[in-house]
Amino acid sequence: MTEVLQWNDGALVREVERLSGTAVSACFQCHKCSTGCPIGPDMDLLSSQIMRLVHLGAEQDVLESQAIWLCASCEACTTRCPQGIDIAAVMDALRMLAVERKAALPDAHGEQFNRSFLSSVRHHGRVFELGMMAAYKLRSGDVFSDVDKVPQMLGKGKLSFWPRRSNVKQVRDMFRRAQQEDEPA
Ligand code: SF4
Ligand code: SF4
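Convert by adding 46 to the 1-based position in the sequence shown; the result is the number in my numbering.
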């Protein structure tokens with residue numbers, strides 16, 4: 047842990063609870079969420095450690111962690127929590143805060159992937175995988191990794207050259223509403 051805590055006024059817990067809509071403060075550190083997390087072995091902080099650091103107000107440690115960007119939103123932690131805490135929503139909230147507060151990211155690829163994914167969904171109403179991959183590669187500069195798999199995936203119909211659009215207007219309205227909710231009153 048790098049951050050030295052001088053004073054914790056509970057502001058981080060309140061903000062994460064507001065954004066996630068779940069009772070972060072109810073966590074009693076049983077670690078059940080961490081033991082069920084499929085990404086846990088690759089994370090720099092386990093989900094239970096994230097929860098504790100949020101309690102402690104260690105904003106920098108949490109927002110600059112790799113874990114919040116590695117989280118796959120699989121919700122295994124959420125289903126295991128005896129306190130009914132939606133830990134996956136907490137991870138979402140922390141990603142939002144990291145972007146909003148311009149946290150220094152240990153590895154920007156997760157955030158670049160997120161942006162590429164959301165931009166594809168906003169544009170097409172659903173994800174257009176090939177377009178999203180191209181956008182991600184342009185953002186990240188990671189141009190050549192995995193390109194050898196593209197012909198195989200195209201051949202098996204896992205990727206398409208053309209986007210399939212669906213409910214574009216509704217999805218864009220949803221993004222617009224989310225953006226309005228995020229704007230300060
Ligand atoms: S939602 Fe994220 S933190 Fe929770 S189990 Fe899945 S990968 Fe781990
Ligand atoms: S499972 Fe729930 S109560 Fe247990 S450490 Fe994780 S968040 Fe806290």
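Built from N, CA and C at the ideal position, the CB exists for glycine as well.
Just so you know, these numbers come straight off a predicted model, no measurement behind them.
Where in the region 102 to 162 do unbroken runs of the beta strand (DSSP E), each at least 3 residues long, occur, reported from the N-terminal end onward? Counting only runs of 3+ residues, no beta strand (DSSP E) is found wholly inside the region 102 to 162.
Taking DSSP as the reference, what is the three-state secondary structure of Cys73? As a first step, residue 73 is located in the sequence shown; it is residue number 27 there, counting from the start. Correct three-state label for Cys73: coil.
Using only the heavy atoms of ligand 1, determine whether one of them is closer than 7 Å to the beta carbon of Gly203. Here residue 203 refers to the residue found at position 157 when the sequence shown is read from its first residue. Not under cutoff, so the answer is no.
Kindly indicate which three-state DSSP category Glu61 falls into: helix, strand or coil? By 1-based counting over the sequence shown, the position of residue 61 is 15. Note: Glu61 maps to helix in three-state DSSP.
Within 7 Å of ligand 1: residues by beta-carbon to any heavy atom: With 7 Å as the limit, the residues whose C-beta approaches a heavy atom of ligand 1 more closely than that are Cys79, Gly82, Cys83, Pro84, Ile85, Gly86, Ser93, Cys117, Ala118, Ser119, Cys120, Glu121, Ala122, Cys123, Thr124, Ile133, Ala134 and Met137, in chain order.
Can you list, in chain order, the residues of its chain whose CB lies under 7 Å from that of Val50, leaving out five sequence neighbours each side? Within the sequence shown, the letter at position 4 stands for residue 50. Because Val50 carries a pLDDT of 47, less than 50, the predicted location of this residue cannot be relied on, and the following value inherits that uncertainty. In its own chain, leaving out the 5 sequence neighbours on each side, no residue places its CB closer than 7 Å to the CB of Val50.
Give the straight-line distance between the Cα atoms of Val59 and Gln129, rounded to the nearest whole angstrom. To locate residue 59, count along the sequence shown from 1; it is residue 13. To locate residue 129, count along the sequence shown from 1; it is residue 83. The straight-line gap from Cα to Cα measures roughly 16 Å.
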